[in-house]
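Put into structure tokens, the structure is as follows:
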């Protein structure tokens with residue numbers, strides 16, 4: 063039980079959870095600001111297939127080089143690429159071959175690097191979503207540090223229990239229970255007639271509903 | 277109608293508090309599980325980072341070789357200039373037309389401005405650049421610049437987040453030793469690990 067957490071009495075939320083909420087939130091934000099930014103788009107490397115239209119459009123707008131990717135569609139442009147200048151200088155032909163070979167390797171490795179970069183990005187996103195989960199699961203508890211100023215030994219205190227007729231079309235008896243959770247404002251929960259206050263599940267249902275409401279308000 | 281006595285209210289408060297206490301414990305347990313998951317993801321991330329660094333080295337070697345070959349090829353003066361220039365003059369209009377058709381069909385914005393920019397670009401380009409696949413080299417260099425930028429930003433964000441997480445997981449709450457008889461830590465399996473997300477070498481660096 064976390065009641066044993068402190069040797070000097072009931073747990074002191076201030077000591078236990080003070081840094082958590084802010085820190086988890088900060089960590090999550092540090093990751094999220096970047097990943098959720100529309101500017102964060104990994105570069106596309108479909109150089110050989112030439113089928114990444116968005117990337118070509120961007121290149122054309124940027125500096126027109128994207129247009130050169132369409133050289134294969136023009137005969138005269140293709141002819142330039144097959145001009146053989148080796149008659150003028152044989153070593154130059156060899157050098158050109160070397161350039162083309164290394165270019166192909168570099169393109170392949172760039173593509174491979176891009177794939178790994180995307181996997182890495184996914185891994186980062188996983189961490190980011192775990193932080194989000196951490197925040198979701200834990201922030202309500204960590205916020206208790208800021209919200210509990212008194213030393214009441216009750217986390218939940220019932221102030222009134224009233225029985226009345228519900229407002230629905232088919233009138234039925236319901237029990238309205240008003241509780242305070244930690245330092246919250248009073249929360250009223252409505253329990254249907256079939257869960258009587260003598261039922262052992264009654265207070266569990268009340269507490270569950272009240273906690274749900276409390277967490278909802280905290281998130282807001 | 278008020279249907280319970282003060283004693284009953286007190287008993288109900290006790291019962292409710294027990295439930296809340298249980299929920300707090302569940303939340304704490306959940307944090308433990310998420311922390312383990314974060315640790316696992318981080319291990320996988322570190323392995324991936326090593327692979328990524330290796331791939332980066334290989335890629336940069338290949339890029340350097342390409343740039344070297346390009347430099348050497350550029351050093352040859354006036355190679356087949358006349359033939360290439362004649363072909364280039366005929367290539368340009370076709371390239372412009374093909375590109376503008378593509379742009380109007382696919383990109384659908386500001387064709388006029390792009391057309392003028394393209395004409396200027398083609399007039400300034402040399403057939404030799406084209407012959408050497410200079411555009412592919414430029415694309416590679418641009419991709420390299422973008423990849424480096426993305427990686428830098430990603431690392432910077434991650435470093436900030438992991439710095440905060442390191443500090444968080446060093447908190448008293450996580451680092452109580454179980455042998456301390458006065459304290460009970462729900463995270464008793466987490467022994468003090470001062471650098472949760474950073475390996476030591478990284479801190480030193």
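Chains as they are written, first to last, in my numbering: chain A, 63 to 282; chain B, 277 to 481.
In this text, a Cβ means the ideal position worked out from N, Cα and C, and glycines have one as well.
How is residue i classed by DSSP in three states: helix, strand or coil?
i                      : result
residue 292 of chain B : helix
residue 116 of chain A : helix
residue 280 of chain B : coil
residue 314 of chain A : Residue numbering for chain A in the displayed model covers 63 to 282; residue 314 of chain A lies beyond these limits and cannot be assessed.
residue 252 of chain A : strand
residue 270 of chain A : helix
residue 307 of chain B : helix
residue 265 of chain A : helix
residue 460 of chain B : With a pLDDT of 32 at residue 460 of chain B, under the threshold of 50, the predicted position of this residue should be treated as unreliable, though the coordinate-derived value follows. Residue 460 of chain B falls in the coil class under three-state DSSP.
residue 236 of chain A : strand
residue 383 of chain B : helix
residue 345 of chain B : helix
residue 146 of chain A : coil
residue 334 of chain B : helix
residue 351 of chain B : coil
residue 259 of chain A : coil
residue 215 of chain A : coil
residue 454 of chain B : In this prediction, residue 454 of chain B scores a pLDDT of 36, lower than 50, which makes its location untrustworthy; the coordinate-derived value is nonetheless stated afterwards. Looking at residue 454 of chain B - three-state DSSP - the assignment turns out to be coil, as it is neither helix nor strand.
residue 280 of chain A : helix
Measure how close the beta-carbons of residue i and residue j come, nearest whole angstrom, since I'm counting them as under 8 Å.
i                      : j                      : result
residue 382 of chain B : residue 115 of chain A : 5 Å
residue 223 of chain A : residue 279 of chain B : 6 Å
residue 275 of chain A : residue 249 of chain A : 5 Å
residue 299 of chain B : residue 273 of chain A : 6 Å
residue 269 of chain A : residue 296 of chain B : 6 Å
residue 122 of chain A : residue 367 of chain B : In fact, because the Cβ distance is near 17 Å, the residues do not count as touching under 8 Å.
residue 413 of chain B : residue 346 of chain B : 6 Å
Which residues bound the beta strand (DSSP E) around residue i?
i                      : result
residue 204 of chain A : Counting along the chain, residue 204 of chain A falls outside any beta strand (DSSP E), though it belongs to the alpha helix (DSSP H) covering 152-204.
residue 218 of chain A : 218-227
Answer yes or no: do residue i and residue j have a C-beta to C-beta separation smaller than 8 Å?
i                      : j                      : result
residue 175 of chain A : residue 331 of chain B : yes
residue 178 of chain A : residue 328 of chain B : yes
residue 408 of chain B : residue 161 of chain A : yes
residue 165 of chain A : residue 342 of chain B : yes
residue 523 of chain B : residue 139 of chain A : What the structure shows of chain B is the stretch from 277 to 481, and residue 523 of chain B is not part of that stretch, so it cannot be assessed.
residue 335 of chain B : residue 171 of chain A : yes
residue 89 of chain A  : residue 441 of chain B : yes
residue 241 of chain A : residue 306 of chain B : no
residue 157 of chain A : residue 349 of chain B : yes
residue 200 of chain A : residue 217 of chain A : no
residue 317 of chain B : residue 188 of chain A : yes
residue 251 of chain A : residue 236 of chain A : no
residue 127 of chain A : residue 385 of chain B : no
residue 288 of chain B : residue 85 of chain A  : no
residue 352 of chain B : residue 154 of chain A : yes
residue 257 of chain A : residue 285 of chain B : no
Mind checking which residues open and close the alpha helix (DSSP H) that includes residue i?
i                      : result
residue 248 of chain A : Note, residue 248 of chain A: premise wrong, no alpha helix (DSSP H); not H, not E.
residue 390 of chain B : 387-400
residue 357 of chain B : 357-378
residue 439 of chain B : 410-445
residue 131 of chain A : Run containing residue 131 of chain A: none; DSSP gives neither H nor E here.
residue 137 of chain A : 137-143
residue 404 of chain B : 403-407
Given that residue i touches chain D, what residues does it touch there, using C-beta distances under 7 Å?
i                      : result
residue 165 of chain A : This model lacks chain D altogether; the protein chains it does include are A and B.
Check: Quick one: any contact between the segment 177-192 of chain A and the segment 430-439 of chain B, if contact means 3 or more CB pairs under 8 Å?
Finding: Contact between the segment 177-192 of chain A and the segment 430-439 of chain B is present: 3 or more CB-CB pairs across the two stretches fall below 8 Å.
Next item on the list: Count the C-beta pairs between the segment 369-379 of chain B and the segment 193-202 of chain A that are closer than 8 Å, then say yes if the count reaches three, no if not.
Entry: Look at the beta carbons and you see the segment 369-379 of chain B not touching the segment 193-202 of chain A: under three pairs across the two are nearer than 8 Å.
Item checked: Contact the segment 146-156 of chain A vs the segment 384-403 of chain B: 3+ CB pairs below 8 Å -> Contact between the segment 146-156 of chain A and the segment 384-403 of chain B is absent: fewer than 3 CB-CB pairs across the two stretches fall below 8 Å.
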